[in-house]
Amino acid sequence: MALLVGAGALVLAAVVFVAQLLARREQRRELRELVLVLEELRAGRSRRRLEVHPRSSLAVLGDVVNRLVQDIHARSLEWNRTREQLEAFLEGMGQLAIVHVDADWDIRALGGAARELLGWSEQELFARPVEELFVPEAWGELLPKLARRSLREQAIRTRTALRRRDGSSFEAELTVQPARSGTGEVTGYVLLVRDISAQVQLERERDSARARYAGLLEALPAGVLVVRDGEVAYANPPGAQLLGVGGAEPLRGLRLRDRVAVRDLLVVQEALQACAAQGRPASAVCTLLGSRGEPAAHVRFECRPLSGEEGAAVLVFVVDETPLRAAEATAVRLQGRLQALVDALPDAVAWFEVDGAGALRLRMANRALAQLLGTGRATLEQDAPERLAARLAEAGAEVPARWLQAPPAERREAIFEQAASGRPKSFQAAWLPAGPLAPGTGGALLLLHDCTHALWLERERQAEIERLRRERAELEQAHERLEQERAELERRCAQLERLREELRQLDRMKSDLLANVSHELQTPLVSIKGYTEMILKERLGPINEEQRKGLSLALRNIDRLISMIDNLLLVSRLESEIGELKRTVFALRPLVEEALELLAEAIAAKRLSAEVDFEDPEIRVAGDREKLLQVFVNLLSNAVKFNREGGRIEIRAQPIEAHWVEVRVRDTGVGIPQEALERIFERYYRASEGGQAGTGIGLAIVRDIVRLHGGSIRAESEPGQGATFILTLPLEADGRGSGSEAGGDPQAGEQAPRSAHDRAGSPPQEPPPGRGDPEAQRPRPRFRVIRRHPS
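Be aware that the sequence shown starts at 9, since it is given in the working numbering, and climbs by one per residue.
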């Protein structure tokens, strides 16, 4: 029995499990059907019906979905009918393109002649921004108008530029109006586009023609008026200026009679009436009045009939004769001034004109001609040409007299003499035609110039020329002698150049000798110094006090000898390595402090105080740090050596100009005599002061190193008041900035900025010493000996 109950329970459980499994499978099927229906609905296809079992848990949802599908299908049919009606309406609107956009200005539909006008189909433009239909510049101008709030209430109409699918553009008239839903809410916009390219072209041609005609009238120098019924309808700028008005606006209502003088009013009115009524040209001369009734210009009116759209009118050309009348008055004044000017001339002048019969007539003569001929000017102007020729012949001017009898057509000149009570006078006659001497076409000028003084000056000039010729011959002889002297000087210069080359060779031999001797002396001196120091330190056995004093004195002299050898080697290197600087950019103050540390024992031995004062502690210079360290060591050594006990040493630095720093090294020692200030920088020159003397090359080394850097050095001193050495060194490019310190990266040193002197020009480059010399290429010890001074 228990087995049967158990078996029944198992069967019942299996049946329940199978039933649940089938129910879940049916539910998954219904869900898939629901998803497919919704996908079709989203894609716009709403013909499928959802099949759901009435007892399914999705039955309610399936019923709702089926009703939704039916509603959407019904509305789609209604929308399609509405769309077909709208398309039929739009097709009847001709060339008007209609573009429907949503609230985000994305295209939703095209209508009318949109496809023919724009070249796009509705499928190609669907959901694309309407901006793509516009030329970028036109869209940029239209966008602010579309952003206005007023667009939601009323349409806007404007002109813009659109582009077609092929990239071409056209002028269009655009109307934008809002599209509203049944509740009145704005759901989008409708753009009505009409191609007005032909209309715009016609307007441009019309405006161009108007501009050309207006430009032509305004460019005319004469005034142009259009008079209709006695009123001035148009005036170009010259015409408006003659009427005394500022532009077209004041012309309204201006009657021409208000600008014409009263005495000329009837003449002007008759000319205007004859031209307007009879259609024939007319002219009149009158005086125009200004805005306040004063006479402004004398003009001549040339009237021509004019017909147009607005009725008959008169075209008046206004010729301003005011300048002509002023010119006539000016000509009268100028003729008087010319007569006065001609009368003031010292030369005799006569102006002849050729009349219609081809005969000469005297038109103008001055007082000088009347005095020369012994008559009055009025009488001369009334004389016939034959009588005037006779007067000239009587005065001795026979050649000018013949010119009057047969006037030459070209320029003529002649000289004649006139007998006088004293020395005879010489005259230069000139006949100057002005144009061809044909009847009524030209004239001629007769000029009689008193050249007596000029001829005398000419004779004096000829005598002066002869004298100059003689002097020139003498100068040429002197030049030949100078050429001989120059040749002799060139020969002697060649001899001096040979001697100079020999001196250079001797100097090089001397330098080589110094270098070789110094190198040969270094090795034994180093050994002597080393053993002397070992003895002094009693490493080789005890010594007594007397031996210690003697060895100390010997060690000081060894140091002095090594210092001399070191200077000699430095001089030799400077001579051979001139221009070869290992340039870097480094701070100047640490260099000075390093030099003071090297001389600390000597400074302490003489109880000296050292003061370093830099205007800018970060001053940086461009140069060879090792060589500049030698400069300051030498200068400070001199400051210590020649200073008084308990004295003071001052080192001051300050930038000067743009690319230089000035350093002053001052001591309170014995000073330097004035006669030695210019020679202390010479090599091997020694000025012994205070019982001490040097080798004479320390300051020479300083000068050479400073010059290699493009700087300068000088000394100032008064005996007993100490000495000051002033040197200038090049700063880096801006006087402050990043640069490599000594001992840093060599590449950084090579890239350091050069001084202003280096930019202007560097010293001549010489090959480094030892090239090609086996002895110089042999390795030699290189070291620096720190000078030691007795404590």
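Glycine included, each C-beta is placed from N, C-alpha and C at the ideal position.
If contacts are defined as beta-carbon pairs under 8 Å, then V710 and V639 qualify, I think. What distance do you get, rounded to the angstrom? The Cβ separation is near 5 Å, so the contact holds.
8 Å contact criterion, which G451 and E394 should meet: CB distance rounded: Going by Cβ atoms, the distance from G451 to E394 rounds to 18 Å, so no, they are not a contact pair.
Do you know offhand how far V327's Cα is from G231's? For V327 and G231, the distance between alpha carbons rounds to 7 Å.
Straight-line gap, L563 to I570 (C-alpha atoms, nearest Å): Cα to Cα, the separation comes out at about 10 Å.
Is the number of C-beta pairs between the stretch 364–383 and the stretch 343–351 that are closer than 8 Å three or more? Yes: at least three Cβ pairs fall under 8 Å.
I need the straight-line Cα distance from L20 to L12, nearest angstrom please. Straight across, the Cα-Cα distance linking L20 with L12 is about 12 Å.
Can you pull the DSSP bridge partners for E2? Residue 2 is absent from the model: the chain starts at 9 and stops at 799.
Identify, in the order they occur along the chain, each residue of the same chain with its Cβ nearer than 6 Å to the Cβ of D110, setting aside the five sequence neighbours on each side. Counting only Cβ-Cβ distances below 6 Å, and skipping sequence neighbours, we find R116 and G196.
Quick one, are the C-beta atoms of V600 and I659 less than 8 Å apart? In contact: V600 and I659 (Cβ atoms closer than 8 Å).
Apart from the five residues on each side of it in sequence, which residues of its chain come closer than 7 Å, Cβ to Cβ, to L637? These residues qualify, in order along the chain: L599, E602 and A603.
Give the DSSP bridge partners of Q185, in chain order. According to DSSP, Q185 bridges with V198.
Below 6 Å CB to CB, which residues in the same chain sit around F25 once its five sequence neighbours on both sides are set aside? Leaving aside the five residues that flank F25 on each side, none in its chain has a CB nearer than 6 Å to its CB.
Using DSSP with H/G/I as helix, E/B as strand and the rest coil, what is V143? It is coil, neither helix nor strand.
What is the rounded straight-line gap between the Cα of E34 and the Cα of A67? Inter-residue distance for E34 and A67 is about 12 Å (C-alpha atoms, whole angstroms).
Runs of alpha helix (DSSP H) wholly within the stretch 675–738 (minimum 4 residues, chain order): Residue ranges of uninterrupted alpha helix (DSSP H) with 4 or more members, entirely inside the stretch 675–738 and ordered along the chain, are 706–716.
State yes or no: is the beta carbon of E528 nearer than 8 Å to at least one beta carbon in chain C? Note that chain C does not occur in the displayed structure, where there is just one protein chain.
Whole-Å CB distance - Q131 paired with A163, under 8 Å assumed: Rounded, the Cβ-Cβ distance is 28 Å, inconsistent with contact.
Residue(s) in a DSSP beta bridge with M372: Bridge partners of M372: W359.
Looking only at DSSP bridge pairs, what is T168 linked to? By DSSP's assignment, T168 forms a beta bridge with A180.
Using alpha carbons as the reference points, say which of P415, S205 and L273 lies closest to G238. Nearest C-alpha to G238: L273.
Can you tell me whether F134 is buried or exposed, with buried defined as 16 or more other CB within 10 angstroms of its CB? With fewer than 16 other Cβ atoms within 10 Å, it is exposed.
Roughly how many angstroms separate the alpha carbons of N646 and T676, rounded to a whole number? It is roughly 11 Å from the alpha-carbon of N646 to the alpha-carbon of T676.
Roughly how many whole angstroms lie between the Cα atoms of N74 and R160? Their backbone Cα atoms lie some 38 Å apart in a straight line.
Check for me: the beta strand (DSSP E) holding E425 runs from which residue to which? Segment R420 to Q426, the beta strand (DSSP E) holding E425.
Output yes or no for whether 8 Å exceeds the beta carbon distance between I688 and L707. Yes, the Cβ-Cβ distance between I688 and L707 is below 8 Å.
Outcome for K635 when other beta-carbon atoms lying within 10 angstroms are tallied against a minimum of 16: Counting Cβ neighbours within 10 Å, K635 comes out buried, since at least 16 surround it.
Does the distance from the CB of A358 to the CB of L377 come in under 8 Å? A contact, by the Cβ cut-off of 8 Å.
Which of the three DSSP states is assigned to D237 in this structure? Looking at D237 - three-state DSSP - the assignment turns out to be coil, as it is neither helix nor strand.
V673 and I627 closer than 8 Å at C-beta: Cβ distance not < 8 Å, so V673 and I627 don't count as in contact.
Are V648 and A610 touching if we call contact CB-CB under 8 Å? Annotated as proximal: V648 and A610, with beta-carbon spacing under 8 Å.
How far does the alpha helix (DSSP H) with D351 in it extend, from its first residue to its last? For D351, the uninterrupted alpha helix (DSSP H) segment begins and ends at T330 to A352.
Three-state secondary structure (DSSP) at H667? Here H667 sits in coil by DSSP.
CB P625 to CB L739, shorter than 8 Å? Cβ atoms of P625 and L739: not closer than 8 Å.
Which of helix, strand or coil does DSSP assign to I573? Under the three-state reduction of DSSP output, I573 falls in the helix class.
Which two residues bound the contiguous alpha helix (DSSP H) that contains K590? It is not in any alpha helix (DSSP H) - K590 carries neither H nor E in the DSSP assignment.
Assign V240 to buried or exposed, taking buried as 16 or more other Cβ atoms, counted over all protein chains shown, within 10 Å of its Cβ. Classification of V240: buried, given that the 10 Å Cβ count is 16 or more.
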